[in-house]
Structures are given as C-alpha cells and as structure tokens.
Amino acid sequence: MRIKNIADIQKEYLQKVDSLDLELIIAHTIEKSREFVLAHPEYSLNNEQRSMINKLADRRLKHEPIAYILGHKEFFGLDFSVNKHTLIPRPETEQLVELAIQESTNENQELRIIDVGTGSGCIIISIAKNNEQGTMNNVKFYATDASEEALKIAKRNALAHNVNKKIKFLQGNLLTPLIGNWKLEIGNSRIIILANLPYLSKEIYTSTSLDVKNFEPKSALFSAHSGLAHYEELFAQIKKLLTENCQLSVILEFSPEQKSLLEKIIPEYFSKAEIKFNKDLCGLWRICEIEIMTTIIAEATI
C-alpha cells in the first residue's frame, strides 16, 4: 500500500475539518511550520504521524477548539499555553492591552496594574512584556484568579516569556487577595484595573457554539444578572480599595448589548466617574473605560 502524504490526509478530511485547522494539526504533528505544510503536499507521513493526525482531527470533529488540541494560542504577537482550565484568548481582548499601554506609558507617578481574573495570563503578561524596555516607570504588576489550575498556566506563561519575576500572581475572587492587604502611596498614585470577566448572559451562553459550550470553562464565560453579576461584584470591591488622593482607571471587556446596562449601573457605584465606550474592529461596542478620581490609598504591603 502506498505511503500516505500530506495531500492524502487533506483529501481524506476535505469538507470535514476546516482546512486551516487541519494544516495546523499536520504542522503540529510533524513539527514543521504551516507554510511547510502548504508548500510540501508530497511530504510522506509515517504510521505514527498518521495516527496522531487522525486522533487530533477526530477531536476537532467533536468540536474541541483547535487551541486546546494544540495546547497554545497566539495573543498580542505572543504564544500562550492554554488548556481546559483557561479561556481561549480572543483577538478583541488585545484592545485591553493596547489601552493599558497607552494609559500607562511615561507615567511619572507610582503605577499598579491589576489583571482581575487573569486566566492564561495573556493580558498582564503582554503588558509586562511590552514594558521590557522600561517605557512604563515605577510600575508593579498584579494578577488574580479564583482558579488554582488557571494560575498554574498563567505562571507557566509568565516564565516562558521571562516576566515571571515582574508579576505577582494571587489566588482569590476578583480583588479579594488585594483588599485590606495593600495601600498605594498617598498623593501621586495611579491604579489601572483590567478585567475580562465572565459576561455572557444565560440566553447568549445557551446559544454559543459547541466549541465554546462543551469545552471552555463555563465559570469563565457565564454570569448572572444579564451577564453583569461579576462586574457588579468587581465594582463593589473597587469601592473598598478607595481611600484618598488616588487616580483609578478600570478597563473592561463586555458584550455589545450590555452598553446601555453599564451606562446605568456604573454611576450607581461611581457617581463622578468619567465613562468612555470603545468599539472593536467589527464595529461593536466592546470596551468600557472608567476613570475615577478620588481621595484614596497609601503603599503596597504585598
């Protein structure tokens, strides 16, 4: 029997598995680039390679996300390990990173950047990695997550990108590990809180694809109260951080239909806050920026 090559495998899974996904599976298996797979359809595959490709392709046929199958996902130009304990990074979330960098570059004051519900760590790690040239002065990085397993992945990713010594990872619900344990310097302090918390309502979560619903952690996706329960809890916790003379920015990702709800909810917690909404690349409302000026807080103790 003729030895199968890449072209044979592609023909076998034609119209069954997305061509890009199959190319990535083949490249992962033979430890070559996707470009190599595209350029060398005649490349012969041994029995072990064919067996592995079939196994991984069958997982994709069962709707398992390609990122979980391969064990990694690109985000902000960096490669991140992911597994069933972490949400798969999405391109729209890169806007959080971009805004945080814009907000913090060339700051002269003490700066604390906090990534709440860090998951794979892609947000805080991307920001810390961007700061390798020291464009952000006097900055400390924090990341929290309730999941011990997610934090293991985040720490592994931080180590892989050589920023593990820059970021303090803390286990706990939202800001709980920080409330009561730290103070920022009075007079010239600034805090940036980043949050891509669960925000899918029951209706939207129910209608999501099998790739999402059957594989990604529900705890990282679904939230009660029209998808905003986690954000309301975060807002309540933020109020506990506030003391005097602090500038605090909150940058969060949300679902487009929640804009009107956030416009009503945010002033209930922060009556004098400045609120700005941004659209994603698809033209949908996706990011909310909240600027809070108050008389708040003194020096980190953690």
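Numbers given in the numbering used here equal positions in the sequence shown, counted from 1, plus 6.
We put the CB at the ideal spot given by N, CA and C, even for glycine.
- Under the three-state reduction of DSSP, LYS161 is assigned to helix.
- In its chain, beyond the 5 residues on either side, LEU84, ILE131, LYS135 have a beta carbon closer than 7 Å to the beta carbon of HIS167.
- Per DSSP, reduced to three states, the secondary structure at GLN108 is helical.
- The count of Cβ pairs closer than 8 Å, one atom from the segment 146-164 and one from the segment 234-249, stays below three, leaving the stretches out of contact.
- The criterion of a C-beta distance shorter than 8 Å is satisfied by VAL122 and ALA201.
- By the neighbour-count definition (other C-beta atoms within 10 Å, threshold 16), ARG40 is an exposed residue.
- Remark: C-beta atoms of ILE281 and LEU254 do not approach each other more closely than 8 Å.
- Ranked by how close their Cα comes to the Cα of ASP217, the residues CYS288, PHE42, PRO71 have PRO71 in first place.
- For LEU254, the enclosing beta strand (DSSP E) stretches over residues 252-259.
- Looking only at ALA45, ILE59, LEU44, the smallest Cα-Cα distance to GLU18 is reached by ILE59.
- Pairing ALA106 with ILE94 gives a Cβ-Cβ distance that is not under 8 Å.
- For the 8 Å CB-CB criterion, TYR205 and SER261 form a contact.
- Positions of the alpha helix (DSSP H) runs, each at least 4 residues long and wholly inside the segment 264-291, are given as 265-275 in order along the chain.
- CA-CA distance, PHE276 to ILE296, rounds to 9 Å.
- Boundaries of the alpha helix (DSSP H) around HIS236: 235-247.
- Counting only the Cα atoms, PRO223 lies some 31 Å from GLN108.
- Secondary structure in the segment 207-235: the alpha helix (DSSP H) runs of 4 residues or longer, each lying completely within the stretch, are 208-213, 216-219, 230-233 in chain order.
- Contact between ALA63 and LEU28 holds: CB atoms are separated by about 6 Å, below the 8 Å threshold.
- For HIS91, the closest C-alpha among the options SER126, SER57, LEU76 is that of SER126.
- Listed in chain order, the alpha helix (DSSP H) elements of length 4 or more contained wholly in the segment 67-133 are 72-76, 100-110.
- Assignment of beta-bridge partners to GLN177 by DSSP yields ASP151.
- Residue state for LYS146 is assigned as strand, using DSSP reduced to three classes.
- Inter-residue distance for GLU138 and GLU104 is about 15 Å (C-alpha atoms, whole angstroms).
- Secondary structure of GLU48 (DSSP, three-state): coil.
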